[in-house]
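So that you can map any letter, position 23 of the sequence shown is 22 in numbering that gives the first Met the number 0, and since no number is skipped, the others follow by simple counting. Below you'll find the structure, written out as structure tokens, and then a few comments.
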Amino acid sequence: MTCNGQKKIKDISGNVLFNACQEVYAGCEMEGTCLIQQKSKKLLLNVDDVRDGERHFVVLKDSGCAYGQGARRDKVKGYKTMCLDPYYSVAADLRIYNLGDVIYIPSAVGILLPNGTTHDGYFVVRDSGGAIKGYGRFDFFSGFKSNSNPLKLAGFSDKDNNVPYFVVKGSQASQILEKRNFPTIIVVK
């Protein structure tokens, strides 16, 4: 990758963690979570706070969240840990949806995922997003395989694509949350 200038990635105290290409920084800033490799070292970063319009990051170590952390509080409840679950997590407007809401998208059923399984159509709200506003607006988290993102290939990242969805409630929602190990994730070794 060609680096078009450097950007300082800072922690919550304003200390510089390291310098990254502006393109890498922009990706971290937009996604809220990113995996950075510097030489042989890999760092998992999460946005920790925004101060004076600048995002500050935290390096996740031993958080139990292999793909990063989502929002930890909505208008109803707070969580100690909220792990992002690739291909099953969505960011949503937390003024409308709550963390842990289960969203069913029929057109996602059967999508082939990178691990060889097929999607069941169920997603869990685990995050918010600055640009995610309104009913039916979701940002689909895919982990770090953006080039092979089957949800993107299916058109889910197109902001003009109005994908039909249903909010699942009751025992069915509880079963999905248990299956996805909400609010943490199933760790595959």
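From the three backbone atoms N, C-alpha and C, an ideal C-beta is built for every residue, glycine too.
If you count every other CB in all the chains shown that lies within 10 Å of the CB of residue i, and 16 or more means buried, which is it?
{"i": "Asp138", "result": "buried"}
{"i": "Ser88", "result": "buried"}
{"i": "Pro105", "result": "exposed"}
{"i": "Ala130", "result": "exposed"}
{"i": "Gly128", "result": "buried"}
{"i": "Ser141", "result": "buried"}
{"i": "Glu177", "result": "exposed"}
{"i": "Tyr134", "result": "exposed"}
{"i": "Ile175", "result": "buried"}
{"i": "Ala25", "result": "exposed"}
Check this for me: beta carbons of residue i and residue j, under 7 Å apart or not?
{"i": "Gln21", "j": "Lys6", "result": "yes"}
{"i": "Ser147", "j": "Pro113", "result": "yes"}
{"i": "Lys132", "j": "Asp92", "result": "yes"}
{"i": "Val101", "j": "Gly120", "result": "no"}
{"i": "Pro149", "j": "Ile110", "result": "yes"}
{"i": "Glu28", "j": "Arg50", "result": "no"}
{"i": "Arg72", "j": "Val123", "result": "no"}
{"i": "Arg125", "j": "Leu83", "result": "yes"}
{"i": "Gly115", "j": "Phe181", "result": "no"}
{"i": "Val58", "j": "Leu42", "result": "yes"}
{"i": "Thr32", "j": "Asn45", "result": "yes"}
{"i": "Asp192", "j": "Ile95", "result": "Only positions 0 to 188 of the chain appear in this structure, which leaves residue 192 out of reach."}
Report the partner residues of residue i according to the DSSP bridge assignment.
{"i": "Ala25", "result": "In DSSP, Ala25 forms no bridge with anything."}
{"i": "Ser88", "result": "Val123 and Phe140"}
{"i": "His55", "result": "Asp48"}
{"i": "Lys7", "result": "Asn18"}
{"i": "Gln174", "result": "Partner(s): none; Gln174 has no beta bridge."}
{"i": "Arg72", "result": "Gly77"}
{"i": "Cys82", "result": "Gln68"}
{"i": "Leu111", "result": "Thr117"}
{"i": "Leu34", "result": "Leu43"}
{"i": "Phe165", "result": "Tyr103"}
Are there any heavy atoms of the ligand MG lying less than 6 Å away from the beta-carbon of residue i, as far as the coordinates show?
{"i": "Asn160", "result": "With respect to the ligand MG, the structure shown offers nothing to examine, as it has no ligands at all."}
- Query: Do the region 63–70 and the region 164–172 touch if we need at least three Cβ pairs shorter than 8 Å?
  - Reply: no
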